[in-house]
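Q: Residue numbers (the numbering used here), protein chains in the order written: chain Z, 1 to 356; chain P, 357 to 712.
No residue lacks a Cβ here, since even glycine has one placed at the ideal position from N, Cα and C.
There are 2 protein chains.
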Amino acid sequence: MKKTALIMAGGHGERFWPRSRKNLPKQFLSLTEDGKTLIQLTVERILPLVDMKDIYISTNKDYLDLVAEQLPDIPKENILCEPIGRNTAPCIGMGAAYIHKRSGDSCMIVLPSDHLIKYNQMFVTTLEDACEIALENGNLVTIGIAPTYAETGYGYIRFNPSESYKRGYKVLNFAEKPNIELAKQYVSSNEYLWNSGMFVWKTSTILDAFQHIMPDVYDGLMIIHDAIGTSAEEDVIRREFPKFPSISIDYGVMEKSDKIYTLPGNFGWDDVGSWLAMERIRQTNEFGNIADGNVITINTNNCIIQANQKLIACIGLEDLVIVDTEDATLICDKTSTNDIKKVIENLKVCNRNEYL
Amino acid sequence: MKKTALIMAGGHGERFWPRSRKNLPKQFLSLTEDGKTLIQLTVERILPLVDMKDIYISTNKDYLDLVAEQLPDIPKENILCEPIGRNTAPCIGMGAAYIHKRSGDSCMIVLPSDHLIKYNQMFVTTLEDACEIALENGNLVTIGIAPTYAETGYGYIRFNPSESYKRGYKVLNFAEKPNIELAKQYVSSNEYLWNSGMFVWKTSTILDAFQHIMPDVYDGLMIIHDAIGTSAEEDVIRREFPKFPSISIDYGVMEKSDKIYTLPGNFGWDDVGSWLAMERIRQTNEFGNIADGNVITINTNNCIIQANQKLIACIGLEDLVIVDTEDATLICDKTSTNDIKKVIENLKVCNRNEYL
Numbered sequence: 001m002k003k004t005a006l007i008m009a010g011g012h013g014e015r016f017w018p019r020s021r022k023n024l025p026k027q028f029l030s031l032t033e034d035g036k037t038l039i040q041l042t043v044e045r046i047l048p049l050v051d052m053k054d055i056y057i058s059t060n061k062d063y064l065d066l067v068a069e070q071l072p073d074i075p076k077e078n079i080l081c082e083p084i085g086r087n088t089a090p091c092i093g094m095g096a097a098y099i100h101k102r103s104g105d106s107c108m109i110v111l112p113s114d115h116l117i118k119y120n121q122m123f124v125t126t127l128e129d130a131c132e133i134a135l136e137n138g139n140l141v142t143i144g145i146a147p148t149y150a151e152t153g154y155g156y157i158r159f160n161p162s163e164s165y166k167r168g169y170k171v172l173n174f175a176e177k178p179n180i181e182l183a184k185q186y187v188s189s190n191e192y193l194w195n196s197g198m199f200v201w202k203t204s205t206i207l208d209a210f211q212h213i214m215p216d217v218y219d220g221l222m223i224i225h226d227a228i229g230t231s232a233e234e235d236v237i238r239r240e241f242p243k244f245p246s247i248s249i250d251y252g253v254m255e256k257s258d259k260i261y262t263l264p265g266n267f268g269w270d271d272v273g274s275w276l277a278m279e280r281i282r283q284t285n286e287f288g289n290i291a292d293g294n295v296i297t298i299n300t301n302n303c304i305i306q307a308n309q310k311l312i313a314c315i316g317l318e319d320l321v322i323v324d325t326e327d328a329t330l331i332c333d334k335t336s337t338n339d340i341k342k343v344i345e346n347l348k349v350c351n352r353n354e355y356l
Numbered sequence: 357m358k359k360t361a362l363i364m365a366g367g368h369g370e371r372f373w374p375r376s377r378k379n380l381p382k383q384f385l386s387l388t389e390d391g392k393t394l395i396q397l398t399v400e401r402i403l404p405l406v407d408m409k410d411i412y413i414s415t416n417k418d419y420l421d422l423v424a425e426q427l428p429d430i431p432k433e434n435i436l437c438e439p440i441g442r443n444t445a446p447c448i449g450m451g452a453a454y455i456h457k458r459s460g461d462s463c464m465i466v467l468p469s470d471h472l473i474k475y476n477q478m479f480v481t482t483l484e485d486a487c488e489i490a491l492e493n494g495n496l497v498t499i500g501i502a503p504t505y506a507e508t509g510y511g512y513i514r515f516n517p518s519e520s521y522k523r524g525y526k527v528l529n530f531a532e533k534p535n536i537e538l539a540k541q542y543v544s545s546n547e548y549l550w551n552s553g554m555f556v557w558k559t560s561t562i563l564d565a566f567q568h569i570m571p572d573v574y575d576g577l578m579i580i581h582d583a584i585g586t587s588a589e590e591d592v593i594r595r596e597f598p599k600f601p602s603i604s605i606d607y608g609v610m611e612k613s614d615k616i617y618t619l620p621g622n623f624g625w626d627d628v629g630s631w632l633a634m635e636r637i638r639q640t641n642e643f644g645n646i647a648d649g650n651v652i653t654i655n656t657n658n659c660i661i662q663a664n665q666k667l668i669a670c671i672g673l674e675d676l677v678i679v680d681t682e683d684a685t686l687i688c689d690k691t692s693t694n695d696i697k698k699v700i701e702n703l704k705v706c707n708r709n710e711y712l
């Protein structure tokens, strides 16, 4: 069966401020040395499996131009515009409706647009395995990541180690972000995987799941499905999409289905959750620094330094994140990157929208 | 006797980089909240004692325009240009020659242009006392500063506590920058003052001292003296001045004279030796920060932050100096401000003159 893909690119995270902005979220940034943006790498990564013409991007009107600019080879009609943010369930539902209408039933791969993967070949192999499972019995497949430490910032997937199918395992339940104690238990149990937000299923399967689990959403999706390719398409989406509840695919659909499998991925996944990710995705120099651009360091160690045009001179520094942009400079202790959102709150309260 | 002043403004320190540059040294920077530059404050401070027309500025050709711009009320002919840097003895000698030629014998006050003084009235009173001593017996007077701690970055003046004249004390010798042990001994002995580089004497006295102690320099100064006001003035200076040895007035003249007095000044003197001086000359906020301009701080304490146009967002920082300028940003641990010179060396070696 033909493979298709939906890449979700509507997010607007704040954790890469000041480089990420309201009008330039993380998926459109280049953080690796090859100069490619995260969404460009995401597309490139699945090309061994999916034809360019079968890759769909779901985003919103603010980012339509960015998507078209960064991904000129994606057919314009494959760029789907959510009129309003409604979390992943409606996003995926509409994507499935489009793909099903255009290609008939196909094996649909759903991917976030702002993650990084180190071992592309292993990733492709995992997706191939996932497709195999998805093609049988109306299975829904989610790609899990074997946890390497007790992370409290991710959701977890609990699987049954004794109920396997091909290379996958039956999912028992999804667990929300745990506290540190619980996270440690999850990791040491060897029955939990990190929830990466990557899914594989047939479009017919996921639409069936909507029909049974969220029938109201399904009805809306079918109205959209019928309007695709007609002159009413845009109007119908603008009318129907906002009616959908804001809910994730995990809690809205997956958790309520009983044919869910997970495949433990082991392909160097990184959700690039904060500036600290730079140390995982880039090589540090002999002083432990990642220094990009016009930088001089003296007695400076283990810092992440992103210069822009200006010279950045660092003296006697340890464990800082320094990011310079045209109009704002961040200087942040590595232990405090979560507080970047406080800066953004401050800017919002003070109506300094030029920095958001 | 009329009071005159020579303000020495030829220095080109590097310790306020990136705000101070080769073409904008510290004396021309504003570091206080009133927005006035250090040299402007120096002139203002002595106006109760010296007429504007009797204030002379010694500088070099690179800074002639800056002096004229920042001190428009100083007569153009009072701005003296050293063709080459030769330390303080030749600078002061030439200043004395000018002042003596123009005003006849006068009580000459010599001041650095890049220090700050907190209590102006006490400063004026001290200078008045110094003038009184200088008018008698051909005394040379140097203003000392009662040390408040064992500073190793200053020279010291040793005085004889039992040989006082008016409010001054006889100077025994000048001591170079001591190591920390010696500095502690100096301070606890109560017989040492910091050498502030401020002097008072009659022009006739200092010229006599040159005649006896540095007769070759004296001869050159007299050639200059005779040329002042003639069409040969510039040529003569350009020819004679570079012949002078590069030596400070302390070691060249003062130390070899036996009629030196020092007056302990207690007027909140600060040599503004590094960015750390900001904490002495400015009020810190409730978090111990001095934050100027477009700055947001989150959990940031005891930092000196000088923004320029850009927003500077500081998160989780302690004890840093952050200085932003149009083309360079310094981020420096407070204990490392001495290493600013390493950045400058690096820039010199790499021929990046635009940042010097």
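Check whether the stretch 357-367 of chain P touches the stretch 404-411 of chain P, taking contact to mean three or more Cβ pairs, one atom from each stretch, closer than 8 angstroms.
A: Touching, yes, given that three or more Cβ pairs across the two stretches are closer than 8 angstroms.
Q: Give the range of the alpha helix (DSSP H) segment to which residue 3(Z) is assigned.
A: If you number the first sequence from 1, residue 3(Z) lands on position 3. Per DSSP, residue 3(Z) belongs to no alpha helix (DSSP H); it is in the beta strand (DSSP E), 3-8.
Q: Give, in chain order, every unbroken run of the alpha helix (DSSP H) that is at least 4 residues long and sits entirely within the stretch 600-668 of chain P.
A: Those alpha helix (DSSP H) runs which fall completely within the stretch 600-668 of chain P and span 4+ residues are 605-608 and 634-637.
Q: Apart from the five residues just before and just after residue 554(P), which ones in its own chain have a Cβ nearer than 6 angstroms to its Cβ?
A: What you label residue 554(P) is simply residue 198 of the second sequence in a count that begins at 1. Closer than 6 angstroms at the Cβ level, and outside the excluded window around residue 554(P), lie 467 and 499.
Q: Looking at the C-beta of residue 342(Z), does it have a partner C-beta in chain P at a distance below 8 angstroms?
A: By 1-based counting over the first sequence, the position of residue 342(Z) is 342. Yes, residue 342(Z) lies at the interface with chain P (some Cβ there is under 8 angstroms from its Cβ).
Q: In chain P, what lies closer than 7 angstroms to residue 310(Z) by C-beta?
A: Looking up residue 310(Z) in the first sequence gives position 310. Going along chain P in sequence order, the residues near residue 310(Z) (Cβ under 7 angstroms) are 683, 684 and 685.
Q: Going along the chain, which residues of its own chain have a beta-carbon closer than 8 angstroms to the beta-carbon of residue 164(Z), five neighbours each way excluded?
A: For the purposes of this step, residue 164(Z) is identified with residue 164 of the first sequence, where counting begins at 1. Correct list, in chain order: 170.
Q: Using a Cβ-Cβ distance cut-off of 8 angstroms, determine whether residue 376(P) contacts chain Z.
A: Here residue 376(P) is taken as the residue at index 20 of the second sequence, counted from 1. Residue 376(P) does not count as touching chain Z.
Q: Say whether chain P places a C-beta atom closer than 8 angstroms to the C-beta of residue 6(Z).
A: Looking up residue 6(Z) in the first sequence gives position 6. No, residue 6(Z) lies away from the interface with chain P (no Cβ there is under 8 angstroms from its Cβ).
Q: Where residue 205(Z) and residue 253(Z) are concerned, what is the direct C-alpha to C-alpha distance, given to the nearest angstrom?
A: As a working note, residue 205(Z) is residue 205 in the first sequence. As a working note, residue 253(Z) is residue 253 in the first sequence. About 11 angstroms.
Q: Could you name the residues of the stretch 272-303 of chain Z whose beta carbon sits closer than 8 angstroms to any beta carbon of chain P, in the order they occur along the chain?
A: Here the close residues are 296, 298 and 299.
Q: Starting from residue 51(Z), trace the beta strand (DSSP E) both ways and give me its first and last residue.
A: Counted from its first residue, the first sequence places residue 51(Z) at position 51. Per DSSP, residue 51(Z) belongs to no beta strand (DSSP E) and is neither H nor E.
Q: Which value, in whole angstroms, describes the spacing of the CA atoms of residue 516(P) and residue 528(P)?
A: Here residue 516(P) refers to the residue found at position 160 of the second sequence. Here residue 528(P) refers to the residue found at position 172 of the second sequence. Straight-line Cα distance between these residues: approximately 6 angstroms.
Q: So residue 341(P) and residue 613(P) are in contact, right, with Cβ under 8 angstroms, and what is the actual spacing, rounded?
A: Nothing about residue 341(P) can be reported from this structure: the residues present for chain P run from 357 to 712 only.
Q: Could you pull the DSSP bridge partners for residue 557(P) from this structure?
A: Mapped onto the second sequence, residue 557(P) falls at position 201. BP columns for residue 557(P) point to 464(P).
Q: What did DSSP end up calling residue 372(P) once you bin it into helix, strand or coil?
A: Along the second sequence, one-based indexing puts residue 372(P) at 16. It is coil, neither helix nor strand.
Q: If I'm right that residue 300(Z) touches residue 308(Z) with Cβ under 8 angstroms, what's the distance once you round it to whole angstroms?
A: Counted from its first residue, the first sequence places residue 300(Z) at position 300. Counted from its first residue, the first sequence places residue 308(Z) at position 308. That belief does not hold up - the Cβ atoms of residue 300(Z) and residue 308(Z) are roughly 18 angstroms apart, past 8 angstroms.
Q: Per DSSP, which residues does residue 413(P) bridge with? Please list them.
A: Residue 413(P) sits at position 57 when you count from the first residue of the second sequence. According to DSSP, residue 413(P) bridges with 363(P) and 435(P).
Q: How is residue 684(P) classed by DSSP in three states: helix, strand or coil?
A: Taking the second sequence and counting its residues from 1, the one referred to as residue 684(P) is at position 328. Note: residue 684(P) maps to strand in three-state DSSP.
Q: What residue range is occupied by the uninterrupted alpha helix (DSSP H) comprising residue 346(Z)?
A: What you label residue 346(Z) is simply residue 346 of the first sequence in a count that begins at 1. 340-349 is the extent of the alpha helix (DSSP H) around residue 346(Z).
Q: Taking the C-alpha atoms as reference points, what is the distance between residue 485(P) and residue 559(P)?
A: Here residue 485(P) refers to the residue found at position 129 when the second sequence is read from its first residue. Here residue 559(P) refers to the residue found at position 203 when the second sequence is read from its first residue. Their Cα atoms are separated by approximately 17 angstroms.
Q: From the DSSP output, read off the bridge partner residues of residue 444(P).
A: Residue mapping note: residue 444(P) aligns to position 88 of the second sequence, counting from 1. Per DSSP, none; premise fails for residue 444(P).
Q: Any chance the stretch 40-49 of chain Z sits against the stretch 115-123 of chain Z, with 3 or more Cβ pairs inside 8 angstroms?
A: Yes, the stretch 40-49 of chain Z touches the stretch 115-123 of chain Z.
Q: Cα separation between residue 704(P) and residue 712(P)?
A: Within the second sequence, the letter at position 348 stands for residue 704(P). Within the second sequence, the letter at position 356 stands for residue 712(P). One C-alpha to the other measures close to 8 angstroms.
Q: Determine the extent of the beta strand (DSSP E) in which residue 531(P) is found, giving its start and end residues.
A: As a working mapping, residue 531(P) is identified with position 175 in the second sequence. Here the beta strand (DSSP E) through residue 531(P) covers 524-531.
Q: Chain P beta carbons: is any one of them nearer than 8 angstroms to that of residue 356(Z)?
A: As a position in the first sequence, residue 356(Z) is number 356, starting the count at 1. Not one chain P Cβ lies under 8 angstroms of residue 356(Z).
Q: Can you tell me whether residue 377(P) is buried or exposed, with buried defined as 16 or more other CB within 10 angstroms of its CB?
A: Translated into positions along the second sequence, residue 377(P) becomes position 21. So residue 377(P) ends up on the buried side.
Q: In three-state terms, what does DSSP make of residue 586(P)?
A: To locate residue 586(P), count along the second sequence from 1; it is residue 230. Of the three classes helix, strand and coil, the one that applies to residue 586(P) here is coil, per DSSP.
Q: Would a check of beta-carbon distances place residue 13(Z) closer than 8 angstroms to chain P?
A: Here the question's residue 13(Z) lines up with position 13 in the first sequence. Output row for residue 13(Z): interface = no.
Q: Quick check: what's the CA-CA separation for residue 18(Z) versus residue 649(P)?
A: As a first step, residue 18(Z) must be located in the first sequence, where it is residue number 18. As a first step, residue 649(P) must be located in the second sequence, where it is residue number 293. Computed Cα separation, rounded: 18 angstroms.
Q: Quick one: what's got a C-beta closer than 7 angstroms to residue 687(P)'s C-beta in the same chain, skipping five residues either side?
A: The residue given as residue 687(P) occupies position 331 in the second sequence. Around residue 687(P): 676 and 678.
Q: Within 8 angstroms of any Cβ in chain P, is that where the Cβ of residue 71(Z) sits?
A: Your numbering for residue 71(Z) matches position 71 in the first sequence. Not closer than 8 angstroms to any Cβ of chain P, the Cβ of residue 71(Z) fails to qualify, so no.
Q: Helix, strand or coil: which one does DSSP assign to residue 571(P)?
A: Counting from one through the second sequence, the residue named residue 571(P) turns up at place 215. Three-state DSSP puts residue 571(P) in a helix.
Q: Have a look at the DSSP bridge pairing and note the partners of residue 679(P).
A: Here residue 679(P) is taken as the residue at index 323 of the second sequence, counted from 1. Beta-bridge pairing links residue 679(P) to 662(P) and 686(P).
Q: Which residues in chain P sit within 8 angstroms of residue 339(Z), going by Cβ to Cβ distance?
A: Position 339 of the first sequence, counted from the start, is the residue given in the question as residue 339(Z). Near residue 339(Z) (Cβ distances below 8 angstroms), the residues of chain P are 654, 655, 671 and 672.
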